[in-house]
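The numbering used here numbers the first residue of the sequence shown as -18 and each following residue consecutively. Cβ coordinates follow ideal geometry from the N, Cα and C atoms, glycine included. Presented below is the structure to which this report refers.
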Amino acid sequence: MSIELGQLAIQPASGKPVPPEWISTNRARLCREALMSLGLDAFEYTDYSTGHYGKTRSAGITLRFVSLMNGQSVYAVFNADLTRQRNTAKAKAGAPLPKGQFRIGKRSHFYKFWMGTGLPFPRRLSAIHDYMGKLRNVLLTGSLAGDRVDAGSLVPVSLSAEQFRKAVLPDNSRTRSGQLPDNIRTNVPDKEMAIDHEPQGLQTIPTTCASNHENKLIRKDEYKTFPYTPIPTPKTPQDQSVDEWLDAYGSA
-18 MSIELGQLAI
-8 QPASGKPVPP
2 EWISTNRARL
12 CREALMSLGL
22 DAFEYTDYST
32 GHYGKTRSAG
42 ITLRFVSLMN
52 GQSVYAVFNA
62 DLTRQRNTAK
72 AKAGAPLPKG
82 QFRIGKRSHF
92 YKFWMGTGLP
102 FPRRLSAIHD
112 YMGKLRNVLL
122 TGSLAGDRVD
132 AGSLVPVSLS
142 AEQFRKAVLP
152 DNSRTRSGQL
162 PDNIRTNVPD
172 KEMAIDHEPQ
182 GLQTIPTTCA
192 SNHENKLIRK
202 DEYKTFPYTP
212 IPTPKTPQDQ
222 SVDEWLDAYG
232 SA
């Protein structure tokens, strides 16, 4: 698992594609756990608007986001042109564009920002407003002052597979069962023996925000008895393959 260009990327060892429904359901939770463990925040795009801002009434677009960690609403403003570039059958050059439409150039900050996300770009720059919804799939980060994000610092989040693994798998995971306590029973019944508690599932990282209401992946300890057979050594999270880890996450 990793976060590439702001999007969750999963490459199971089996080589089989991960169902889009699974990614859609677990994306926010997995990314939130990894980023919180590293002390990082990220922004999710919600919507945009156009208008004229400041004392000079400069034309531009406002992109709005929410913090993945605490749900805070933040925004970033980019310069843009809100007038027509050429004459059409409906309006002349210089006339205001319809609500929600805007024009940008290839030297603009917004163009550079969009190209940095890796998202597809329309053939005509004037049609970019039709593609804005694609930003909802990209986690972003940037310099925040109050509730405003510096537009020039806004970039997709990146997290390597190694960083992701260390973030979501606790360092103090249970070690393999190899050493027995000194006071363990030496006499085993003829046909039955007691089994150690089943290994605990991965637990979500606690938070103080609304996301901490998600279900914790903890299995109840149970005692079972059955005819004596060799007991396989349980795997720690670090020893599990991506597919096994995903199975444990998806079945919880």
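Secondary structure at Leu116, three-state DSSP: helix, strand or coil? Your numbering for residue 116 matches position 135 in the sequence shown. Note: Leu116 maps to helix in three-state DSSP.
Given a cut-off of 8 Å on the beta-carbon distance, is the pair Phe59 and Ala132 in contact? Taking the first residue of the sequence shown as position 1, residue 59 is located at position 78. Taking the first residue of the sequence shown as position 1, residue 132 is located at position 151. In contact: Phe59 and Ala132 (Cβ atoms closer than 8 Å).
Could you round the C-beta distance between Leu100 and Lys115 to whole angstroms and report it? I think they count as a contact, below 8 Å. As a working note, residue 100 is residue 119 in the sequence shown. As a working note, residue 115 is residue 134 in the sequence shown. Contact holds; Cβ gap of about 5 Å.
N-terminal and C-terminal residue of the beta strand (DSSP E) that Val58 is part of: For the purposes of this step, residue 58 is identified with residue 77 of the sequence shown, where counting begins at 1. Residues 54 to 60.
Whose C-beta lies closer than 7 Å to the C-beta of His110 among residues of the same chain, with five residues either side of it excluded? By one-based count along the sequence shown, residue 110 stands at place 129. Contacts found: Gly81, Gln82, Phe83.
Determine contact between the stretch 28 to 46 and the stretch 56 to 74, defined as no fewer than three beta-carbon pairs at a distance below 8 Å. Output reads yes: the stretch 56 to 74 touches the stretch 28 to 46.
Determine whether the beta carbon atoms of Asp22 and Arg45 lie at a separation below 8 Å. Working through the sequence shown from its first residue, we reach residue 22 at position 41. Working through the sequence shown from its first residue, we reach residue 45 at position 64. No, these two residues do not count as a Cβ contact at 8 Å.
Quick one: what's got a C-beta closer than 6 Å to Tyr31's C-beta in the same chain, skipping five residues either side? The residue you call residue 31 lines up with position 50 of the sequence shown. It is worth fixing the name first, because residue 31 is Thr in this sequence and not Tyr. Hits under 6 Å: Ile42, Leu63, Phe83.
Neighbourhood of Thr122 by C-beta distance below 6 Å, restricted to the same chain and skipping five residues each side: Taking the first residue of the sequence shown as position 1, residue 122 is located at position 141. Ala23, Val138.
If you compare alpha carbons, which of Ser(-5), Phe91, Ala(-10) is closest to Asn7? On the sequence shown, position 26 is the one that residue 7 refers to. Residue Ala(-10) is the option with its Cα nearest to Asn7.
Measure the CB-CB distance between Met(-18) and Leu11 and report whether it falls below 8 Å. Residue mapping note: residue -18 aligns to position 1 of the sequence shown, counting from 1. Residue mapping note: residue 11 aligns to position 30 of the sequence shown, counting from 1. Yes. Within cutoff.
Which value, in whole angstroms, describes the spacing of the CA atoms of Ser5 and Val119? Along the sequence shown, read from residue 1 onward, the residue named residue 5 stands at position 24. Along the sequence shown, read from residue 1 onward, the residue named residue 119 stands at position 138. Ser5 and Val119 have their alpha carbons spaced roughly 12 Å apart.
Expected contact under 8 Å - CB spacing of Arg117 and Tyr26 to nearest Å: Taking the sequence shown and counting its residues from 1, the one referred to as residue 117 is at position 136. Taking the sequence shown and counting its residues from 1, the one referred to as residue 26 is at position 45. That belief holds up - the Cβ atoms of Arg117 and Tyr26 are roughly 5 Å apart, short of 8 Å.
Gly97 and Val136: beta carbons closer than 8 Å? Taking the sequence shown and counting its residues from 1, one reaches residue 97 at position 116. Taking the sequence shown and counting its residues from 1, one reaches residue 136 at position 155. One thing to note: Gly97 has its Cβ within 8 Å of the Cβ of Val136.
I'd like to confirm the pairing. Which residues does DSSP put opposite Val136 in its beta bridges? Locating residue 136 in the sequence shown gives position 155, where the first residue counts as 1. The partner list for Val136 (beta bridge, DSSP) reads Thr122.
So the candidates are Pro0, Leu140, Leu106, Pro(-7); which of them puts its Cα closest to the Cα of Ile85? Along the sequence shown, one-based indexing puts residue 85 at 104. Of the candidates Pro0, Leu140, Leu106, Pro(-7), the one whose C-alpha sits nearest the C-alpha of Ile85 is Leu106.
Spatial neighbours of Phe91 in its chain, beta-carbon cut-off 6 Å, leaving aside the 5 residues before and after: For this step, residue 91 is matched to residue 110 along the sequence shown. For Phe91, where only same-chain residues beyond five positions count, the Cβ hits under 6 Å are Phe59, Ile85.
Along the chain, where does the beta strand (DSSP E) that runs through Ser(-17) open and close? For the purposes of this step, residue -17 is identified with residue 2 of the sequence shown, where counting begins at 1. -17 to -15 is the span of the beta strand (DSSP E), which, as asked, contains Ser(-17).
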